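Those protein sequence lines, which keep their order, are chains Y and F.
Just add 15 to wherever you are in the first sequence, counting from 1, and you've got the working numbering.
Just add 216 to wherever you are in the second sequence, counting from 1, and you've got the working numbering.
Beta carbons are placed, not taken as given, at the ideal position from N, Cα and C, and that holds for glycine.
A quick note: this is a predicted structure, and the numbers were derived from the prediction, not measured.
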Amino acid sequence: MAGLELLSDQGYRVDGRRARELRKIQARMGVFAQADGSAYIEQGNTKALAVVYGVPRGIGGVRSRALPDRALVNCQYSSATFSTGERKRRPHGDRKSCEMGLQLRQTFEAAILTQLHPRSQIDIYVQVLQADGGTYAACVNAATLAVLDAGIPMRDFVCACSAGFVEGTALADLSHVEEAAGGPQLALALLPASGQIALLEMDARLHEDHLEQVLEAAAQAARDVHTLLDHVVRQHVREASILLGD
Amino acid sequence: MLQKREKVLLLRTFQGRTLRIVREHYLRPCVPCNSPLCPQPAACRNEGKLLSSDVTHYVIPDWKVVQDYLEILEFPELKGIIFMQTACQAVQHQRGRRQYNKLRNLLKDARHDCILFANEFQQHCYLPRERGESMEKWQTRSIYNAAVWYYHHCQDRMPIVMVTEDEEAIQQYGSETEGVFVISFKSRQERENESQESHGKEYPEHLPLEVLEAGIKSGRYIQGILNVNKHRAQIEAFVRLQGASSKDSGLISDILIHGMKARNRSIHGDVVVVELLPKNEWKGRIAALCENDSDDKALGESPSEPMPTGRVVGILQKNWRDYVVTFPSKEEVQSQGKNAQKILVTPWDYRIPKIRISTQQAEALQDFRVVVRIDSWESTSVYPNGHFVRVLGRIGDLEGEIATILVENSISVVPFSEAQMCEMPVNTPENPWKVSPEEEQERKDLRKTHLVFSIDPKGCEDVDDTLSVRTLNNGNLELGVHIADVTHFVAPNSYIDVEARTRATTYYLADRRYDMLPSILSADLCSLLGGVDRYAVSVMWELDETSYEIKKVWYGRTIIRSAYKLFYEAAQELLDGNFSIVDDIPELKDLDEKSRQAKLEELVWAIGKLTDIARHIRAKRDRCGALELEGVEVRVQLDEKKNIHDLIPKQPLEVHETVAECMILANHWVAKKIWENFPHQALLRQHPSPHQEFFSELRECAKAKGFFIDTRSNKTLADSLDNANDPNDPIVNRLLRSMATQAMSNALYFSTGSCAEEEFHHYGLALDKYTHFTSPIRRYSDIVVHRLLMAAISKDKKMEMKENLLSNKDLEELCRHINNRNRAAQHSQKQSTELFQCMYFKDKDPETEERCISDGVIYSIRTNGVLVFIPRFGIKGAAYLKNKDGLVISCGPDSRSEWKPGSLQRFQNKIISTTTAGQSVTFHLFDHVTVRISVQALRCHSDTIRLEIISNKPYMIPNTELFHQSSLLLKSELVKEVTRSMEEAQLAQEVKVNIIQEEYQEYCQTKGQSLYTLLEEIRDLALLDVSSNYRT
């Protein structure tokens, strides 16, 4: 037996979703008071926390890193030691976290209007509390909310989602089981209003003919995520305004 | 809205630690219930297969029942079965992939009235497993709960029966809900625990899967398919390497598995993992002839040089199927002794080991052929355990034996069902079928403009190809091939399509045939008969007037009316300018002299032009790919397989070649077209170049006669075969050619997405791309190609594609299935022919009957005998030079043979038998000898023909007249004779004598419509000689 049947003949995935269905998403903004912006998101069992220290703070640390024409975006990713099933120590600054930090930075440099704040720095810290597939997507979505919470001007939301390909069908929002099966996986960060792609990453080989289908699945999923996040933001603003009003 | 739940699993890792895994589990309010009684079909999104509405209750099998008694649930009589997802998953986890795939296929098969209900994803059906609850209990509880929900979902209108083996469950749930009955599954047989052999292991355990996979990757183990030598099933089996592993290990030949112990419970056809033994334990294969019934008796022969030898360490995929077996006769039962409940039955196929089944009906079933299935094979047991499935028929009875052949080839031919027939168009005298006006608009109408005609064997019913040729206004010629438009009547995924796909081809046995499509299509509406309007798919080429260069090609749907339904002989006569045949053409009979003359001239011109064009195309093909193999090959094969003599005349007519060439041209151009439009999902046919090693035997044999065979390319091979002609003995050339064909591999269907373009090549026809397009009535591949062509045409017109084409993966699967079925069709045809041969000789006394003595040619030499080919009957068989008592053959001065003590000496191309008295006799390759044919009657297997050399001189025909008469003993006559004697025997049993029907059903429908189609079949047949010895 070479593993689970990822997609049954009836079109169900291992966890009961259909091919294009997302996992349950729950999110909250403004979870920490000290930080400029913060957010918490749950995508299924993947849980991530993002914190943003924003514009007013000038450059911290090495001054020479400051950019003359735009703000510097600094992203740090870490995952909790208890985030996976097996207990594993993950020292700070291992390759995987560095790579993820870099990807997040690329994503947000494309989305934040950095030229509005030259010679300043924006710090985004993301921590994954529980990893169950699609960590990159969860981090991006959490960070988007945190950046919004911090009031940093952005072109648009950045919404991310992963997609995979199993037996001729594209699956949206892969869970850990599906990722572990080793098929091709595509991570997409999208600016939903313009449809621009902030980041696209693909590992494993996939035939060119199928790429379009998988990309479309990921994009549709990202748009769906956008709807949800938009809802969360509006809810948050409404609550905040009520508190302020009273 | 989905509801999220979580499932906590505790898994054990490979290191032995316990891992806690939390998996999400989403529930939804609506899951397709696939019941016609569903109150909200829109919400349930019921698509595809529904349960039928005429059942009295639904059956829901428990997980245990699905696991253990799946084959009972497979019976088409059982209707309205709902498989719960919980049960399916249990099968997947407990029984492995093979069983699970069986279940999946069952669910997919539109003919079986069963569905899957995804109960675990339905919010009301899902029950989380409680703490401390065993898996089994939870599964039963889930299934019962789902059954109750389903009952209420259908608004309590359909009672539900849950069958289970669990007594406790019956107690607990039996009377809980009204309308949901929980009953136990009464199996027809009592199963007993296999305890008697628990002491001592017979076989080593199989290694776990991870170890096997790791071993294969590292190159320590080798993966391949087990192939048991039919003639030494107890001792010899070979593993044919699969794909990559052969390259890595550097092994060219197959791996020998010596003995049952090394084979370690694997059965013929299994995908096994093999470990090579150290070189000093390698063994050679035995080249001596041996009789099937003699078990692993040590023969005093020295085996050939050692070859890689190994032992099976694990089985990756079991390939068990239904087996036909025979119960031991009474005397043997008693000798089996103490445990009379358990009986060892002998499979019909030599390659399958004996199977132990438990039944009390052994005595009653003694004279029957019976189907059994293997359940398991424990390491503690010498033989596998199985169970009885059904009875086929009496041993020796024609119908029973035919059914045996069908089961052994996994051919299932039930009459077409009512649902399938309902899809068929009507054509009765009261309500004749007509061309519909809409179709008339869409199709090109060739009825008025083209002279379309067909050339077929006499008495053919299913005409699927017609031809036309005419001069265009610009002086160019237009050649047209028009093929019956079967896809118009057979919609994709309709019931009839599903059935045709399962059958994949029309099966031709010696005395009967099983059609792929119902006769309303195959013999009527799709058949391009003369003088009626029919739909067709046409390919038309515009050719240059003189050079016959192809200028344009047009593909499309048309309406045609065939003007003439000619037969080959008539067409040839017309071509030769002999018009006396005109009276045999019904279409021309009732005309007055003048118009008849005009029509005749028109027809003769068309046939002449066609022949001219075909000659030209053929010559061009010869020039640029250059091969003459096919044409000659056929003639040879046909001569050799005498049985098909009745279908075509001895000397193939040129008209045959003309028709064949046009069909090849059409196939070739269609292949190009579909490949261009669908480079990754077109169905083509490839014929790989053969391995040079396989030709070594051919070269050796030819050398014995002083010929040199150059096998480097298809051209050189064909040329040197042409030259290898012994003027005194035409049979030598025949045999050499048949050896050449045997060395080649089979032509196969494949999907273009699955292999590189260089591999598309067709070796036999020397074409770069080839497919099957011209016989959609009797081949499913052609139907697929028709659909592809239609899609390609609408793609050209920028129209939306109406049909969903198969993806590369699906097509690959389909190709594998069709190839498989074709092979089964060939095997069954061959076996049924052999069956009739045996029945023919069975009631003749070999000592007295003149017909049983015949001339034979030696075509292969073994250590203790020779293989002999009998041209008169087309039989190949073994003749021993050394018998069981160790006596060897010797021939006296009168050339009569006797058995005397002595020894044999084998050389490359001769064998010398020397008696102790010093007499010696030599048999050379290609020597003519006289043999006596007798039938060895076997209880458990099919009867076999035995040959005995009675003289080392060619057989002298005492009476030439008699010879001429009997040499034309055709297959159909043989079949007729056997059938008649069978019927007479039956009539004798019944006291009432009916009027004997003298009209035996002749072959009304041919095996093919043209030489070309015939050629394809015969060549396939010849390429795969199942009975021939296993070659390395």
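- Ranked by how close their Cα comes to the Cα of Asp-984/F, the residues Ser-1150/F, Arg-953/F and Trp-891/F have Trp-891/F in first place.
- Sequence-distant partners of Asp-731/F (beyond 5 residues in either direction) whose C-beta falls short of 7 angstroms from its own C-beta, in its chain, are Thr-722 and Ser-738.
- Per DSSP, the beta bridge partners of Gln-41/Y are Glu-57/Y.
- Within the segment 312 to 338 of chain F, contact with chain Y at the beta-carbon level (separation under 8 angstroms) is assigned to Gly-312, Arg-313, Arg-320, Leu-323, Lys-324, Leu-332, Ala-334, Glu-336 and Phe-337.
- DSSP places Val-238/F inside the beta strand (DSSP E), whose first and last residues are 234 to 243.
- Taking a contact to require three or more Cβ pairs closer than 8 angstroms, the segment 1005 to 1025 of chain F and the segment 934 to 952 of chain F do not qualify as touching.
- In its chain, beyond the 5 residues on either side, Val-668, Ser-670, His-698, Leu-744 and Ser-778 have a beta carbon closer than 6 angstroms to the beta carbon of Thr-682/F.
- Using beta-carbon distances, Tyr-27/Y counts as an interface residue toward chain F, with a partner under 7 angstroms.
- Note on Thr-542/F: 16 or more other CB atoms within 10 angstroms of its CB, so buried under the neighbour-count rule.
- Contact between Ser-400/F and Glu-381/F holds: CB atoms are separated by about 6 angstroms, below the 8 angstroms threshold.
- Taking 9 angstroms as the upper bound on Cβ-Cβ separation, chain Y lies near residues Thr-229, Arg-233, Leu-235, Arg-236, Ile-237, Val-238, Arg-239, Glu-240, His-241, Tyr-242, Leu-243, Arg-244 and Val-247 of the segment 229 to 247 of chain F.
- Proximity of chain Y to Leu-218/F at the Cβ level (cut-off 8 angstroms) is accounted for by Gly-31, Arg-32, Glu-36 and Lys-39, in chain order.
- Sorting His-978/F, Val-455/F and Gly-485/F by C-alpha distance to the C-alpha of Leu-492/F places Val-455/F at the top.
- Glu-624/F sits buried, since 16 or more C-beta atoms from the chains shown fall within 10 Å of its C-beta.
- Annotation: His-340/F is outside any alpha helix (DSSP H) and is labelled neither H nor E by DSSP.
- Under the Cβ distance rule, Gly-149/Y does not count among the residues neighbouring chain F, no pair being separated by less than 7 angstroms.
- Per DSSP, reduced to three states, the secondary structure at Ser-545/F is coil, with no helix or strand assignment.
- Phe-291/F sits exposed, since fewer than 16 C-beta atoms from the chains shown fall within 10 Å of its C-beta.
- Across the structure, Thr-927/F and Gln-908/F are spaced so that their CA atoms are roughly 7 angstroms apart.
- Taking 7 angstroms as the threshold, the shortest C-beta distance from Ser-1023/F to chain Y falls below it.
- Counting of Cβ neighbours within 10 angstroms places Glu-263/F among the exposed residues, the total staying below 16.
- Leu-144/Y is bridged by DSSP to nothing; it lacks a bridge partner.
- Cα atoms of Gly-183/Y and Ser-936/F: separation of roughly 49 angstroms, rounded to the nearest angstrom.
- Excluding residues up to 5 positions away in sequence, Phe-1089, Ile-1091, Ile-1161 and Leu-1190 lie with their Cβ nearer than 8 angstroms to the Cβ of Gln-1053/F in the same chain.
- Per the coordinates, the alpha-carbon of Phe-911/F lies some 15 angstroms from the alpha-carbon of Asn-949/F.
- Neighbours of Asn-156/Y in chain F, taken as residues at a C-beta separation under 8 angstroms, are lacking, since the least C-beta distance is about 17 angstroms.
- In the structure shown, the three-state DSSP call for His-977/F is coil.
- Under the DSSP assignment, Pro-946/F falls in the alpha helix (DSSP H) whose first and last residues are 946 to 959.
- Contacts with chain Y (Cβ-Cβ distance below 9 angstroms) from the segment 896 to 913 of chain F involve His-896, listed in chain order.
- The three-state secondary structure of Phe-454/F, taken from DSSP, is strand.
- CA-to-CA, the gap between Lys-815/F and Tyr-1075/F works out to about 53 angstroms.
- The beta-carbon distance between Ala-982/F and Asn-1038/F, rounded to whole angstroms, is 22 angstroms. This is too long to meet the 8 angstroms contact definition.
- Residue-level contact by beta carbon holds for Asn-60/Y and chain F, with a gap shorter than 7 angstroms.
- In terms of beta-carbon proximity, Gly-100/Y lines the interface with chain F, with at least one pair separated by less than 7 angstroms.
- Counting the other Cβ atoms within 10 Å of the Cβ of Cys-176/Y gives 16 or more, which makes it buried.
- Note on geometry: alpha-carbon atoms of Asn-1168/F and Val-1082/F lie some 12 angstroms from one another.
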